[in-house]
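> Residue 468 is where the sequence shown ends in the UniProt record's numbering, and the numbering goes up by one at each step.
All C-beta atoms in this analysis are idealised placements derived from N, C-alpha and C, irrespective of residue type, glycine included.
Quantities reported herein were computed from a predicted structural model and do not represent experimental measurements.
Handing you a structure now.
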Amino acid sequence: MHRVTLAGPDDFEGWRDAARAMALAAIPADAILWDVAGSATPDLFGSDATPLPPAPADAVFSVPRAFVELAQSAILHRDPARFALLYSLLLAVRAVPGRMEDRADPLLRRVEDLAKAVRRDIHKMRAFVRFRELDEGDGPRFIAWFEPDHHIVRANAGFFTRRFASMRWSILTPEVSIHWDGHILTEGPGAQRGDAPAEDPVEDVWKGYYAAIFNPARLKTGAMLSEMPRKYWRNLPEAALIPDLVAGAQAREAAMIATAPRPAARTGNSRAAWQALRDEAMACTRCPLHGPATQTVFGDGPLDASLLFIGEQPGDQEDLAGRPFVGPAGQLFDAALAEAGVDRARAYVTNAVKHFKYEQRGKRRLHQTPDVPEIRACRWWLEQELDLIRPRIIVALGATAARALLGKPVTISQMRGRPIPLDDGVEAWITVHPSYLLRLPDPDRQAQEQARFVGDLRMVGERLAIRA
Ligand code: URA
């Protein structure tokens, strides 16, 4: 039996190094005991545990990128079996690389379920961390208490340092605390709920805002509980209002109908947030594509859209105009939408990558497909757009968009034509990119494929009507 002791419950690098050495030495999964330094795992094998075999200096092997991305998420799950499951999957994928494509594989599905739970927890932390202001004499510090389900705090720290870059803040959790002084992120031991302040002056403003945007006509208690589970309520100032708002929902709905129409309070607020996000994206240097491009082409459309399209990246004309889908692919897209009976003006349209990637050939700028690090870098903006718009249906146009949305490579022919449930009740649909249709040389085939594209869009439009 071999024992591997990882530095922490989220020690992906430690797991990867050990797993690589074990795999190279052909150690079977059931001959390894994985644990975490400082944890209370009983020392069943004591000093009988065989040390790690040294990895041969020149021996390497590679696994699909999709495995690495999946493992990076799944390892954050609290399930103690995750290290062993990942190692079993690593051995399987090493033997048969196509195993990552086998959606029916029980081991792959189990690991995917772990990763999905982790992604959901990460999303919940981003949505439900509420800072309380503390005046320490040398300026304000913002403190939040959060209880994650999984070991996600370190993995999520980058989001908070970028989002709240100029604030001094701490996020306290039972397992670890993270602190940002405006420049450096540090880590401390776990804390208790009572270590964070209970209330602050901003709270009243926030409660007032929440009461104003609470829409009794759209009250779906089940959906609300799945989106904002009760366990988070304790830390949300606005949650104190929920029982009263729900109790008064019927009366308020009747009053609302009587006094309709009225302006939607949320739009005003999210317009400012969207504008700020767009302004920030205009100065984006997260990947090298910003250099040669004319400008960032941000998403466009109503902020309360229930339908959101993701394209690949701006083309030559979009790069100059600063708006998505205005060139030849955009014209085909508009025509297909019109034929399918979907109103583009009511949809939000954006791209997976927000700078034009091209190769200069004489005077022409030839489109180049963005690569995975560029897609990943730009997901930072896409995720925030999705968070702000909160559409009910997201349509990915083409492989790049599908990859950006689902975080893994996707075969369009296998995925198109049916809804794909995402977290929080959102539905994804995958179809081809309009440029693919433009590139088809055979006119008959082009007509055929275009009709299929229109069919996909029509299904989405009908689905939306059903789900409205
Ligand atoms: N292709 C895209 O994917 N997006 C655009 O904005 C234009 C062309």
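Quick one: is residue 68 buried, meaning 16 or more other Cβ sit within 10 Å of its Cβ, or exposed?
Residue 68 should be labelled exposed.
> First and last residue of the alpha helix (DSSP H) that includes residue 295?
Taken as a continuous stretch (DSSP letters only), residue 295 belongs to no alpha helix (DSSP H), as it is neither H nor E.
> Per DSSP, what are the beta-bridge partners of residue 188 in this structure?
Answer is 177.
> In three-state DSSP terms, what is residue 308?
In this structure, residue 308 counts as strand in the three-state DSSP scheme.
> Under a three-way DSSP split, which group does residue 465 fall into?
If DSSP states are grouped into helix, strand and coil, residue 465 belongs with the helices.
> Considering only C-alpha positions, which residue in the set 148, 104 and 117 is nearest to residue 72?
Ranking 148, 104 and 117 by Cα distance to residue 72 puts 117 first.
> What is the chain-ordered set of residues for which the beta carbon lies under 5 angstroms from any non-hydrogen atom of the ligand URA?
In chain order, the qualifying residues are 311, 312, 314, 315, 318, 324, 325, 329 and 351.
> Among 65, 74, 388 and 282, which has the Cα closest to the Cα of residue 15?
The shortest C-alpha separation from residue 15 is found at 74.
> Hey, would you say residue 410 sits closer than 9 angstroms to residue 403, going by beta carbons?
For residue 410 and residue 403, yes; Cβs fall inside 9 angstroms.
> Tell me the residue span of the alpha helix (DSSP H) that contains residue 328.
From DSSP, the alpha helix (DSSP H) with residue 328 extends over 328-340.
> By DSSP, does residue 171 sit in helix, in strand, or in coil?
The answer is strand: DSSP assigns residue 171 an E or B state.
> Throw me the rounded Cβ distance for the residue 281 and residue 312 pair, which I believe falls under 8 angstroms.
17 angstroms between Cβ atoms; not a contact.
> Buried or exposed: which applies to residue 85, given that a residue is buried once 16 or more other Cβ atoms fall within 10 Å of its Cβ?
The residue is buried, with at least 16 neighbouring Cβ atoms inside 10 Å.
> Distance check for residue 334 and residue 79, CA to CA, integer angstroms please.
The alpha-carbon atoms of residue 79 and residue 334 are separated by roughly 47 angstroms.
> Between residue 2 and residue 87, what straight-line distance do the alpha-carbon atoms span, to the nearest angstrom?
Distance between the alpha carbons of residue 2 and residue 87 is about 13 angstroms.
> Evaluate residue 259 with the Cβ neighbour count: other Cβ atoms within 10 Å of its Cβ, from every protein chain shown; 16 or more gives buried, anything less gives exposed.
Low per-residue confidence applies at residue 259: pLDDT is 45, beneath 50, and the placement is therefore not dependable, though the value from the model is reported in the following sentence. Residue 259 is exposed by the Cβ-count criterion.
> Anyone know if the C-beta pair for residue 435 and residue 407 falls short of 9 angstroms?
No. Outside cutoff.
> Which residue's Cα is closest to the Cα of residue 132: 120, 196 and 5?
Checked all of 120, 196 and 5; the closest Cα to residue 132 is 196.
> What first and last residue would you give for the alpha helix (DSSP H) that runs through residue 161?
First-last of the alpha helix (DSSP H) with residue 161: 153-163.
> From residue 308 to residue 328, what does the alpha carbon distance come to, in whole angstroms?
About 20 angstroms.
> With DSSP run on the structure shown, which of helix, strand or coil describes residue 400?
Residue state, collapsed to three classes: helix.
> Please report how far the alpha carbon of residue 473 lies from the alpha carbon of residue 288, in whole angstroms.
The displayed coordinates of the chain run from 1 to 468. Any statement about residue 473 would go beyond what the structure contains.
> So the alpha helix (DSSP H) residue 95 belongs to, where does it begin and stop?
That run of the alpha helix (DSSP H) goes 82-95.
> Just checking my contact of residue 429 with residue 454 at CB under 8 angstroms: how many whole Å lie between their CB atoms?
Residue 429 to residue 454, Cβ: 14 angstroms. No contact.
> Does the beta-carbon distance from residue 339 to residue 326 come in below 9 angstroms?
Not a contact, by the Cβ cut-off of 9 angstroms.
> Take the Cβ of residue 400 as the centre, count every other Cβ of all protein chains shown within 10 Å, and call the residue buried at 16 or more, exposed below.
Label assigned to residue 400: buried.
> Going by beta carbon distance, what residues of the same chain come within less than 7 angstroms of residue 264, once the five residues before and after it are set aside?
In this prediction, residue 264 scores a pLDDT of 35, lower than 50, which makes its location untrustworthy; the coordinate-derived value is nonetheless stated afterwards. Once the five neighbours on either side are set aside, the close Cβ partners of residue 264 are 304.
> Helix, strand or coil, according to DSSP, for residue 421 in the structure here?
In the structure shown, residue 421 sits in a strand (DSSP, three-state: E or B).
> Measuring CB to CB, does residue 76 end up less than 9 angstroms from residue 152?
Cβ atoms of residue 76 and residue 152: closer than 9 angstroms.
> Please name the residue or residues paired with residue 300 in a DSSP beta bridge.
In DSSP, residue 300 forms a bridge with 349.
> Look at the Cβ atom of residue 393, then the Cβ atom of residue 419, and state whether they are nearer than 9 angstroms.
A contact, by the Cβ cut-off of 9 angstroms.
> Comparing alpha-carbon positions, which option in 185, 462 and 123 lies nearest residue 150?
Closest option to residue 150, Cα to Cα, is 123.
> Would you mind reading off the limits of the alpha helix (DSSP H) that contains residue 196?
Taken as a continuous stretch (DSSP letters only), residue 196 belongs to no alpha helix (DSSP H), as it is neither H nor E.
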